[in-house]
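Let me begin by presenting the structure, written as C-alpha cells, before commenting on it.
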C-alpha cells in the first residue's frame, strides 16, 4: 500500500467515523469474550452473558437510529461528527 493512499484515508472524515464506530462494538465484544473465558463459569451463566450482550446490541442499534452515541465513546469523541452515517451503522 502506498503512503499517499494511507494518508488520503486518514484525511477522509467518513473513513475516520467508520473506524471510530468499529472500535466501540469490538471493545464491547472483547469485554464479553473476557467474561466468557473466566474460570469456573457455568454454561447457564455464559448463556445469560450472551443474551445480555445481544440485548445491549439491540439497545445500541435503537439509539444509533435516533443519533444517541452514549454507547460509542470513540464515535462520540470525534470533533467532526458524521450523524448522517449513524443510520448506516445501525443497519450493519
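Residue numbers (the numbering used here): 210 to 301.
C-beta: ideal position from N, C-alpha, C; glycine also.
Bear in mind that the values here come from a model prediction, so they are computed numbers and not experimental data.
Quick check: the Cα distance between residue 245 and residue 265, rounded to an integer number of angstroms?
16 Å
Quick check: the Cα distance between residue 258 and residue 234, rounded to an integer number of angstroms?
15 Å
Check whether the stretch 224 to 239 touches the stretch 277 to 296, counting contact only when three or more Cβ pairs, one atom from each stretch, lie closer than 8 Å.
yes
Alpha carbon to alpha carbon, how far is residue 252 from residue 293?
41 Å
Below 7 Å CB to CB, which residues in the same chain sit around residue 222 once its five sequence neighbours on both sides are set aside?
289, 291
How many angstroms separate the CA atom of residue 297 from the CA atom of residue 278?
14 Å
Rounded C-alpha distance that separates residue 295 from residue 249:
39 Å
For a quick check, are the C-beta atoms of residue 263 and residue 280 less than 8 Å apart?
no
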